[in-house]
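Engineer: 3 is the number of the first residue of the sequence shown in my numbering; add one for each residue after it.
Every residue, glycine too, gets a C-beta built ideally from N, C-alpha and C.
Dumping the structure here so I can ask a few things about it.
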Amino acid sequence: MNFADRLKQLPSASHLAALQLLGADGQVLATIENKPGQTGSLVVYAALAALYGGQITPAAASLGLEWYAEHVADARAFPGKHPNIDRLLAWAQGSERFAVRTVAV
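Laid out in structure tokens, this is it:
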């Protein structure tokens, strides 16, 4: 399934202004905003957090890579072009869990 079709199956994130990814120390590592160019990633990360108890685990990161579908190959070929995919590529190989904090509209 391609990315656009996958997004249609995931829950809407229209109620979110942003999503913050937190390190073990509670510091914000990254923010994904509900704006053009980031909305798809917001939907993916919000759905993963919902499935994995408010965290992005290595298993969640692996599933997220499946959901990003055709964009993963492009991210691998051009590191830095897709930072939200780059993050999941790294996290899928690790053992850490990253908390997710949602920011309502």
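Go ahead and label S43 buried or exposed: buried means 16 or more other beta carbons lie within 10 angstroms of its beta carbon, across all protein chains shown.
Structural biologist: That one is buried.
Engineer: What residues in its chain sit with their C-beta under 7 Å from that of G96, if we drop five residues either side in the sequence?
Structural biologist: So the list reads P60, once near-sequence residues are dropped.
Engineer: Taking DSSP as the reference, what is the three-state secondary structure of V46?
Structural biologist: DSSP places V46 in helix when its eight states are reduced to three.
Engineer: What three-state label does DSSP hand E68 in the structure shown?
Structural biologist: Correct three-state label for E68: helix.
Engineer: By how many angstroms is the C-alpha of A48 removed from the C-alpha of T33?
Structural biologist: Near 12 Å, if we compare the C-alpha coordinates of A48 and T33.
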